[in-house]
Amino acid sequence: MRGLERTVRRWPGAVFAAAMACFALMLVAMLAPAMAQDADVPKAVQQAVEAAPAAAPGEPAKVTIGLYINDIQDLDFKTNSYIVDLYVWLRWTGKDIDPVKTMEFMNVYDPQSQHKSVLLDAAKQMPDGSLYNIIRYHGRFSKKFQFEKYPFDTQKLEFIVEDTLSPVSAQTFAADTRAISINPMVTLPGYRLGQPSMDISDYKYPTDFGDLSSAEAESYSRVLISVPITRPMFTLAIKTFVPILLIVICATLVFFINPEFVEGRIGLAITALLTLVAIQFTAAATLPEADYFTMLDKLYMLSYAFIITSLMRVVVTSWKGAGANANAEGLRISAGDHWWGGALLIIYALAASAIAGWVLLR
Numbered sequence: 028m029r030g031l032e033r034t035v036r037r038w039p040g041a042v043f044a045a046a047m048a049c050f051a052l053m054l055v056a057m058l059a060p061a062m063a064q065d066a067d068v069p070k071a072v073q074q075a076v077e078a079a080p081a082a083a084p085g086e087p088a089k090v091t092i093g094l095y096i097n098d099i100q101d102l103d104f105k106t107n108s109y110i111v112d113l114y115v116w117l118r119w120t121g122k123d124i125d126p127v128k129t130m131e132f133m134n135v136y137d138p139q140s141q142h143k144s145v146l147l148d149a150a151k152q153m154p155d156g157s158l159y160n161i162i163r164y165h166g167r168f169s170k171k172f173q174f175e176k177y178p179f180d181t182q183k184l185e186f187i188v189e190d191t192l193s194p195v196s197a198q199t200f201a202a203d204t205r206a207i208s209i210n211p212m213v214t215l216p217g218y219r220l221g222q223p224s225m226d227i228s229d230y231k232y233p234t235d236f237g238d239l240s241s242a243e244a245e246s247y248s249r250v251l252i253s254v255p256i257t258r259p260m261f262t263l264a265i266k267t268f269v270p271i272l273l274i275v276i277c278a279t280l281v282f283f284i285n286p287e288f289v290e291g292r293i294g295l296a297i298t299a300l301l302t303l304v305a306i307q308f309t310a311a312a313t314l315p316e317a318d319y320f321t322m323l324d325k326l327y328m329l330s331y332a333f334i335i336t337s338l339m340r341v342v343v344t345s346w347k348g349a350g351a352n353a354n355a356e357g358l359r360i361s362a363g364d365h366w367w368g369g370a371l372l373i374i375y376a377l378a379a380s381a382i383a384g385w386v387l388l389r
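Residue numbering for the sequence shown is 28 to 389, as defined by the working numbering.
Dropping the structure here:
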């Protein structure tokens, strides 16, 4: 009887414990789907990620990239930099990567001036099951320009994209169907914009960055975006070469001044020389210091040689003495000066054409 009494007394507690266990199981069953879903990712997107085809084992993940150039500003050849406002969109499959966070531009000029805005809070589901996001990027970029053909040079404004973490063995970039375009309203005063292009290749760094887990230096998928710019040749030729030509013509006039006026002839040649030096400094003010001659520098050197040769001719003939124009010697000097002037002009024109042709056709 006492055993039966103890059993009866324990029965309510056992019933209560069983009821609580059933309630707990029901609560877990109700909350399990919500707990499995990432709170920051919509359910439809998560389902699309799970259903999207993943990269085959051993194959790198593919990230499709596209770019829209909204504006180009403040091109500064002195600092080899330029400001660009652009949009970059990315599409990828799989939830184990996030290229929006790991993508970076490799040729920024000042990291503190860069502004990166991710336009979507969460990746957007695409009809093919991939994930999509878009970034707006505004900052100053850098490119080491070459000016051997200046002022008829063609430059390229470049933007280089890489993934900061994943080598080509883990992730590669692929160009979108319409990979790159530019705002048709973009203008760059003094230049003409060409058709932008995108090139994707593997870039191998000559270092392992101290990573002991890598047997050798790894390659990274690199996206190179280029925007060619050219200067208007006709207007630039008028602005650049007409002043030089006028100075050379003025220097040629020393051969047509009476040999008796030595001071006037020397003064004209020296004035032409100083004027040429002044406009060269003005023309080079927008260019960086370089260890080579541009095409324009070579033409200035040729013009200097022309003026110095003219000045030497004047100095040599001045030793004939005053009043030489009144006798046969003076007439001979004048005739010789005319011949010198014509010959020097022809030589100058041929040499200038050879310099321009050699530089431009090289």
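Idealized CB from N, CA, C, for every residue including glycine.
Can you tell me whether Ser140 is buried or exposed? The criterion is at least 16 other CB atoms within 10 Å of its CB, across all chains shown. Result: exposed.
Could you check how far apart the C-beta atoms of Met225 and Val250 are, in whole angstroms? I think they sit under 8 Å. The distance from the Cβ of Met225 to that of Val250 is about 6 Å, consistent with a contact at the 8 Å cut-off.
Here's the rule: buried if 16 or more other CB atoms are within 10 angstroms of the residue's CB, otherwise exposed. What is Ile335? Sixteen is the threshold: since fewer than 16 other Cβ atoms of the shown chains lie within 10 Å of the Cβ of Ile335, the residue is exposed.
If you run the structure through DSSP and keep just helix, strand and coil, what is Ile99? strand
How would you call Arg167, buried or exposed, if buried means at least 16 neighbouring beta carbons within 10 angstroms? buried
Who does Phe186 pair with in a DSSP beta bridge? Bridge partners of Phe186: Ile252.
What number of angstroms, rounded off, separates the C-alpha of Glu175 from the C-alpha of Leu387? When only Cα atoms are considered, Glu175 and Leu387 end up about 9 Å apart.
Tell me the rounded alpha-carbon separation between Val188 and Ala206. 14 Å
Asp190 classed as buried or exposed, judged by whether at least 16 other C-beta atoms fall within 10 angstroms: Asp190 should be labelled buried.
Mind checking which residues open and close the alpha helix (DSSP H) that includes Phe174? Per DSSP, Phe174 belongs to no alpha helix (DSSP H) and is neither H nor E.
Own chain partners of Thr234 with C-beta closer than 8 Å, once the 5 adjacent residues on each side are dropped: Ala244
Given 8 Å as the limit, is there contact between the stretch 177-186 and the stretch 256-265, that is, 3 or more CB pairs closer than that? yes
Residues near Phe104 in its chain [Cβ-Cβ closer than 7 Å; skip 5 each side]: Phe172, Thr313, Leu314, Pro315
Which value, in whole angstroms, describes the spacing of the CA atoms of Val76 and Asp318? With a pLDDT of only 39 at Val76, under the threshold of 50, the placement of this residue in the model should not be trusted; the figure read from the coordinates follows. Going from the Cα of Val76 to the Cα of Asp318 covers about 55 Å.
Can you tell me which of Lys231, Asp125, Phe333, Asn285 puts its alpha carbon nearest to the alpha carbon of Leu303? Phe333
In its own chain, which residues sit with a C-beta less than 7 Å from the C-beta of Ser246, not counting the 5 before and 5 after it? Pro194, Val195, Asp229, Tyr230, Lys231
Between Lys89 and Ala201, what straight-line distance do the alpha-carbon atoms span, to the nearest angstrom? When rounded, the distance between both Cα atoms is 7 Å.
Taking contact to mean at least 3 C-beta pairs separated by less than 8 Å, is the stretch 275-287 in contact with the stretch 214-225? no
Apart from the five residues on each side of it in sequence, which residues of its chain come closer than 6 Å, Cβ to Cβ, to Ala197? Pro87
Helix, strand or coil for Ser224, going by three-state DSSP, please let me know. Strand.
Whole-angstrom distance between Val342 and His365, CA atom to CA atom: 15 Å
Quickly, what does DSSP pair Trp367 with across the bridge? List them, please. Answer by DSSP bridge pairing: none, since Trp367 is not bridged.
Environment of Trp396 [buried if 16+ CB atoms lie within 10 Å]: Past the edges of the chain, shown from 28 to 389, lies residue 396, and the structure says nothing about it.
Beta-carbon contacts of Ser108 that lie in its chain and below 6 Å, excluding the five residues immediately before and after: Tyr136, Arg167, Ser169
Pick from Met328, Leu372, Trp116, Lys122: whose alpha carbon is nearest that of Met130? The shortest Cα separation from Met130 among Met328, Leu372, Trp116, Lys122 belongs to Trp116.
Taking the C-alpha atoms as reference points, what is the distance between Ala242 and Ala264? 56 Å
By Cβ distance below 7 Å, which residues in the same chain neighbour Ala456 in space, the five residues on each side in sequence not counted? Only positions 28 to 389 of the chain appear in this structure, which leaves residue 456 out of reach.
Would you kindly work out how many angstroms separate the C-alpha atoms of Tyr331 and Thr309, rounded to a whole number? 16 Å
Neighbour flag for Gly121 against chain C, beta carbons, 7 Å: The structure shown contains no chain C; it is built from a single protein chain.
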